[in-house]
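Trainee: Sharing a structure, written as structure tokens. Questions coming.
Below, the structure is given as structure tokens:
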């Protein structure tokens with residue numbers, strides 16, 4: 109979703125809280141598997157725009173033009189969201205030979221059960237589809253999937269502009 113600015117420092121959408129909660133949903137769905145920030149960035153994009161993967165499933169966020177650019181600019185926001193969830197003991201950070209990894213804590217699933225909004229319920233449903241489809245992809249396979257498809261996500265608006273003559 110696009111940011112909606114209320115004041116100089118207040119945003120409604122794409123806040124560290126919203127992004128951190130989505131990362132928490134992803135990690136809780138992975139059943140104790142730890143992943144790095146790049147994989148979380150990819151999975152967060154796919155979670156909010158799952159209709160790009162499976163057109164019969166409605167995306168949680170609008171299909172805006174050039175939405176694939178979100179993947180390129182999300183690192184700082186995902187990092188802030190992870191820090192917030194870590195500070196609340198909902199996500200653990202692990203340091204190892206393969207780098208910095210993130211894992212849901214035992215409190216994560218219990219915490220997520222308290223949410224009742226339609227958005228969260230849809231998020232949890234789509235996350236099940238996401239985990240079923242992509243949890244067994246290696247990091248390289250997931251990156252290749254993203255790179256093979258990124259140019260067409262949001263591209264339908266560019267093609268529409270050519271047909272209308274808006275170029």
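Numbering (the numbering used here), first residue to last: 109 to 275. Positions of the beta carbon are idealized from the N, C-alpha and C atoms, including for glycine.
In this structure, does DSSP put residue 260 in helix, strand or coil?
Mentor: Here residue 260 sits in coil by DSSP.
Trainee: Applying the 10 Å Cβ sphere with the 16-neighbour rule, what's the burial state of residue 277?
Mentor: For the chain, the structure presents residues 109 to 275; residue 277 sits outside this window and is missing.
Trainee: Kindly indicate which residue of 200, 150, 183, 154 has the alpha-carbon position closest to the one of residue 215.
Mentor: Ranking the options by Cα distance to residue 215, first place goes to 200.
Trainee: Based on Cα-Cα distance, which residue from 165, 142, 208, 248 lies nearest to residue 230?
Mentor: For residue 230, the nearest C-alpha among the options comes from 165.
Trainee: Can you give me the Cβ contacts of residue 185 inside the same chain, cut-off strictly under 6 Å, excluding the 5 residues immediately before and after it?
Mentor: Contacts found: 127.
Trainee: Would you decide whether residue 236 is buried or exposed? Buried here means 16 or more other CB atoms lie within 10 Å of its CB.
Mentor: Exposed is the call here.
Trainee: Let's see if you can read the secondary structure: which residues bound the alpha helix (DSSP H) around residue 134?
Mentor: Counting along the chain, the alpha helix (DSSP H) containing residue 134 begins and ends at 124-137.
Trainee: Given a cut-off of 8 Å, decide if residue 155 and residue 134 are closer than it, judged by their beta-carbon atoms.
Mentor: In this structure, residue 155 lies closer than 8 Å to residue 134 by Cβ.
Trainee: Are there 16 or more other CB atoms within 10 angstroms of the CB of residue 147, so buried, or fewer, so exposed?
Mentor: With 16 or more Cβ atoms within 10 Å of its Cβ, residue 147 is classed as buried.
Trainee: Alpha carbon to alpha carbon, how far is residue 152 from residue 130? Give it in angstroms, no decimals.
Mentor: Spanning the two alpha carbons is a distance of roughly 7 Å.
Trainee: So, at 8 Å on beta carbons, what are the nonlocal neighbours of residue 198 in its own chain, with the 5 sequence-adjacent residues on each side left out?
Mentor: Cβ neighbours of residue 198 beyond the five flanking positions: 132, 212, 213, 215, 216, 219.
Trainee: From residue 143 to residue 224, what does the alpha carbon distance come to, in whole angstroms?
Mentor: If I take the Cα positions, the gap works out to 27 Å.
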